[in-house]
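Asker: Residues 1 to 448, numbered by the working numbering, are exactly what the sequence shown covers, in order. The beta carbon of each residue, even a glycine, is placed where N, CA and C say it ideally should be. I'd like to ask you about the structure that follows.
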Amino acid sequence: MSFKTSKILGSAALASLLLALPALGQEVAAEVPAAIEEVATIDTGDTAWMLVSTLLVILMTIPGLALFYGGLVRSKNILSVLTQVFAGFALIALLWVTYGYSLAFAGPSEGGLSAFIGDFSNFLLGATGPDSVSGTIPELVFVVFQLTFACITATLIVGGIAERMKFGAVMAFLAIWFTFSYLPIAHMVWSGAGLFFQMGALDFAGGTVVHINSGVAALVAAIVLGPRLGYMKEPIAPHNLVFVFIGASLLWVGWFGFNAGSALAANGTAAQAFLNTVTAPAAAALAWALGEKLTRGHASALGAFSGAVAGLVAITPAAGFSGTFGAIVLGAVASLICLWAVVTLKPMLKYDDSLDVFGIHGVGGIVGAIGTAFVADPALGGFGAEGYALGGQLVTQILAVLVAIIWSALVTLVALLIVKALFGGLRVSDASESDGLDLSTHGERAYN
């Protein structure tokens, strides 16, 4: 074949290819959009941020909450508190993937009990796999992110019953309470079919679901258990404020995942929540210190740490709805109210909420949930929806708070009665309590 003939044949082949390209292009174009649509549902930036946020919330609980609580108890009980938080996290994590996620987020969109609880259609995560998508992230990322919320909520209760409850009874109680209190309230507030979601209740990261829920449970459990030996008769001081500082700092750092991660995306709302998670606890820490100075004559380190946590609690439901200035005001106001609850209300009513879970998380959660109605108002610098009505939103917030309080209190009471019957009592013996739960329950000492 001559070069000329080859060239002519080559030109003909090229011409045929060019003529075929439009049809080929149409065929390929018909396939590409489907592929693009499938891939575009996952945003890698959002996914990466949510994985980081999940790790941060785990950091809040173990070791953050564990060290915060561990430093607040007496030295003879630090291992018991660390173990209760650690084991509680492990327990709730397993219950969450078994049936918790399904009851909180699965089920029909309407009808039956869908306004109050999900169903078992995603039992053992049977309907969720690596290819499942939730918004712009893999659904499994959402599953594990929400897992961390369930874990920290349950383990927060440990602070109200510290230094006197049987270890087995604690674990059994947490399992029952998680099933019948945490899951229904989480469903009502965060599931699209939930009662308060449908009503428009605002809870960005867990004011009602996490803090009011756990704070009320801690209060009821503390009252049912009764006070520790020597309570209000002898000093029961924290044994290691350095641990408390480390724990509070880890809580603050982890809270960025808690609040900013609740945007479920790496976007402007996450950035606003992130900023509010700096300013609200900063204002709260200083407000508590100033309040202590004016009322008690000194500004304590423990007060500053407690104030920061109170501010974090209060901004949680409002984190993505509040403007920066609103977050500062909400943090400061909540801190002063929590200070009153811890210093005045608790001694007045004589309940032994060992580590002030109700005083900070319960009261702070109530102030934050109700205050969200104000700071979310666009007229006050918030980011509420178009046509925002402050009065109507305030009523909705108060209703959600009341339901959370009543529901958690009733479930806690019934759960404690069941556990008491199963374990032949809730408390360790007086001798075991005097020796300390580290030795009497776990056979170990933290300091040898």
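1) Could you spell out the range, first to last residue, of the alpha helix (DSSP H) harbouring residue 471?
2) Going by DSSP, name the residue or residues bridged to residue 427.
3) Measuring alpha carbon to alpha carbon, tell me which residue in 89, 437, 96 and 335 is nearest residue 179.
4) Pull up the distance between the alpha-carbon of residue 44 and that of residue 415, whole angstroms please.
5) Beta carbon of residue 302, beta carbon of residue 235: below 8 Å?
6) Buried or exposed: which applies to residue 110, given that a residue is buried once 16 or more other Cβ atoms fall within 10 Å of its Cβ?
7) With a cut-off of 8 Å, does the C-beta of residue 92 fall near any C-beta of chain D?
8) Should residue 342 go down as buried or exposed, given a rule of 16 or more other Cβ atoms within 10 Å for buried?
9) Output the residue ranges of the alpha helix (DSSP H) runs that lie fully inside the region 316-385 and measure 4 residues or longer, sorted by chain position.
10) Over the uninterrupted alpha helix (DSSP H) stretch that includes residue 292, give me the two end residues.
11) Using 8 Å for Cβ pairs, my map puts residue 313 next to residue 360. What's the rounded Cβ distance?
12) Report back the beta-carbon spacing between residue 137 and residue 264 to the nearest angstrom; my notes put them in contact at under 8 Å.
13) For residue 72, which residues from the same chain have a beta carbon less than 7 Å from its beta carbon, with the 5 sequence-adjacent residues on both sides left out?
14) Assign residue 42 to one of three DSSP states: helix, strand, or coil.
15) Quickly, what does DSSP pair residue 108 with across the bridge? List them, please.
16) Within 8 Å, do at least three Cβ pairs link the region 152-171 to the region 100-107?
17) Have a look at the DSSP bridge pairing and note the partners of residue 63.
18) Cα-Cα, which of 84, 85 and 122 is closest to residue 101?
19) Taking the beta carbon of residue 112 as the centre, do at least 16 other beta carbons fall within 10 Å, making it buried, or is it exposed?
20) If the criterion is Cβ atoms closer than 8 Å, does the pair residue 437 and residue 254 meet it?
21) With distances taken Cα to Cα, identify the nearest neighbour of residue 296 among 339, 48, 212 and 281.
22) Kindly identify the DSSP beta-bridge partner or partners of residue 133.
23) Is it true that the region 202-213 meets the region 370-387, where meeting means three or more beta-carbon pairs spaced less than 8 Å apart?
24) Rounded to a whole number of angstroms, what is the C-alpha to C-alpha distance between residue 129 and residue 48?
25) Cβ atoms of residue 160 and residue 357: under 8 Å apart, would you say?
26) Apply the 10 Å Cβ neighbour rule to residue 279 and answer buried if 16 or more other Cβ atoms are within range, or exposed otherwise.
27) Looking at C-alpha atoms only, which residue of 81, 91, 119 and 145 is the closest neighbour of residue 171?
28) In the structure shown, what three-state DSSP assignment does residue 234 receive?
29) Just checking my contact of residue 450 with residue 274 at CB under 8 Å: how many whole Å lie between their CB atoms?
30) Nearest to residue 384 by alpha carbon, out of 351, 395 and 323?
31) Three-state secondary structure (DSSP) at residue 226?
32) When the distance is taken between beta carbons, is residue 56 closer than 8 Å to residue 305?
33) Exposed or buried, what is residue 276 when buried is set at 16 or more other beta-carbons lying within 10 Å of its beta-carbon?
Answerer: Taking the definition as stated:
1) What the structure shows of the chain is the stretch from 1 to 448, and residue 471 is not part of that stretch, so it cannot be assessed.
2) Looking at the DSSP output, residue 427 shares a beta bridge with 165.
3) The shortest C-alpha separation from residue 179 is found at 96.
4) Answer to the nearest angstrom: the Cα atoms are 42 Å apart.
5) No, they are not a contact pair.
6) Its Cβ having fewer than 16 others within 10 Å, residue 110 is exposed.
7) The structure shown has no chain D; it contains just one protein chain.
8) It is buried - the Cβ of residue 342 has at least 16 other Cβ atoms within 10 Å.
9) For the region 316-385, whole alpha helix (DSSP H) runs of length 4 or above, ordered along the chain, are 324-340, 346-349 and 363-375.
10) Element bounds for residue 292: 268-296.
11) Correct: roughly 6 Å between the Cβ atoms.
12) 7 Å between Cβ atoms; contact.
13) Once the five neighbours on either side are set aside, the close Cβ partners of residue 72 are 238, 244 and 355.
14) It is coil, neither helix nor strand.
15) For residue 108, DSSP assigns no beta-bridge partner whatsoever.
16) In short, these stretches do not touch, since the Cβ pair count stays below three.
17) Partner(s): none; residue 63 has no beta bridge.
18) Out of 84, 85 and 122, the CA that lies nearest to the CA of residue 101 is found in 122.
19) Answer is exposed; the Cβ neighbour count stays below 16.
20) No.
21) For residue 296, the closest alpha carbon among the candidates 339, 48, 212 and 281 is that of 339.
22) Answer by DSSP bridge pairing, in chain order: 138.
23) Enough Cβ pairs lie closer than 8 Å, so yes.
24) Their Cα atoms are separated by approximately 18 Å.
25) With respect to residue 160, residue 357 sits close: the two C-beta atoms are nearer than 8 Å.
26) It is buried - the Cβ of residue 279 has at least 16 other Cβ atoms within 10 Å.
27) Selected option, being the one with the closest Cα: 91.
28) Here residue 234 carries a coil assignment [DSSP, helix/strand/coil].
29) Residue 450 is absent from the structure shown; the chain starts at 1 and stops at 448.
30) Ranked by Cα distance from residue 384, the first of 351, 395 and 323 is 323.
31) In the structure shown, residue 226 sits in coil (DSSP, three-state: anything other than H, G, I, E or B).
32) Going by C-beta atoms, residue 305 is not nearer than 8 Å to residue 56.
33) Result: buried.
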